[in-house]
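A short worksheet on the structure shown next.
In our numbering, the protein residues as written are 913 to 1162.
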């Protein structure tokens, strides 16, 4: 029994204890709880407007290591990407600034290969969105021609001696004669003033029916000029704020 008490004896040293008050000591038995697993810090990932990278750097440049960061520039996707702590998967931070198109520009599908319009539906779209047209009479004329496009071409095809062979020619002739270039005023890029752009028609035969595509070399040139200018402006600011960060063009 004496040996057992000796094995259970615990020596406790209490610093600065002078003995004037009793001290309660609690001895806990059993296994200690498993410590919580250390979690990796949450990386920051953010997508915003083109100026997002510049705004972030202007406020936080003193807190980062510029030698472990770089900027990627993709002019095809109109984006600037800042990557911080590039070699540390736990702390790596990615901030993307982009130029985004307006909803009205996306919905009309100018210069979009994936947007093909049935003539009558395009006519309905223009009728509802006539505010795009600086000349409302031009809009009304275009709506009328688009609405009657299919009926007119079908009549011409039925009159021809060789409906199968002449279908493509009739569609082409009708597009060229009736559907001329037109002008719209619209917001193309968010944050950019509205543009006056000239739009043309391309046509394709799909399932023996004619569908239309809206194209505008004029708009493409203006957008490319504007986006390049905006990207170059932001890169200039980044070089001033954080001159040690590598800037890579894709």
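Heads up, the beta-carbon is just placed ideally off N, CA and C, and yes, glycines get one too.
Collapsed DSSP secondary structure at residue i in the structure displayed
| i | result |
| --- | --- |
| residue 1155 | coil |
| residue 1116 | strand |
| residue 1139 | helix |
| residue 975 | helix |
| residue 991 | strand |
| residue 966 | helix |
| residue 1150 | helix |
| residue 1145 | helix |
| residue 980 | helix |
Of the listed residues the options, nearest to residue i (C-alpha basis)
| i | options | result |
| --- | --- | --- |
| residue 1055 | 1062, 1039, 982, 1065 | 1039 |
| residue 957 | 1014, 1034, 995 | 995 |
| residue 1014 | 1159, 1142, 1101, 1153 | 1101 |
| residue 1149 | 962, 1116, 1052 | 962 |
| residue 1099 | 924, 992, 1017, 1000 | 1017 |
| residue 975 | 1005, 964, 1159, 1011 | 1005 |
| residue 1009 | 1143, 1159, 1152 | 1143 |
| residue 993 | 1146, 1155, 1153 | 1146 |
| residue 1027 | 1113, 925, 1157, 929 | 1113 |
Residues that residue i bridges to, as DSSP identifies them
| i | result |
| --- | --- |
| residue 1095 | 1110 |
| residue 1122 | 1117 |
Whole alpha helix (DSSP H) runs in the stretch 993 to 1075 with 4 or more residues, listed along the chain? DSSP runs (the alpha helix (DSSP H)) wholly in the stretch 993 to 1075: 1015 to 1020, 1031 to 1040, 1048 to 1059, 1061 to 1071.
Within 8 Å, do at least three Cβ pairs link the stretch 1046 to 1064 to the stretch 1092 to 1106? Yes, since at least three Cβ pairs between the stretch 1092 to 1106 and the stretch 1046 to 1064 fall closer than 8 Å, the two stretches touch.
Is there contact here, the stretch 1107 to 1118 with the stretch 1130 to 1137, by at least three beta-carbon pairs under 8 Å? Yes, they touch.
Within the chosen definition, does the stretch 1116 to 1127 reach the stretch 1009 to 1027 through at least 3 CB pairs nearer than 8 Å? They touch, by the three-pair rule.
Count Cβ pairs between the stretch 934 to 944 and the stretch 964 to 981 that sit closer than 8 Å; are there 3 or more? Between the stretch 934 to 944 and the stretch 964 to 981, the count of C-beta pairs closer than 8 Å stays below three; the two stretches do not touch.
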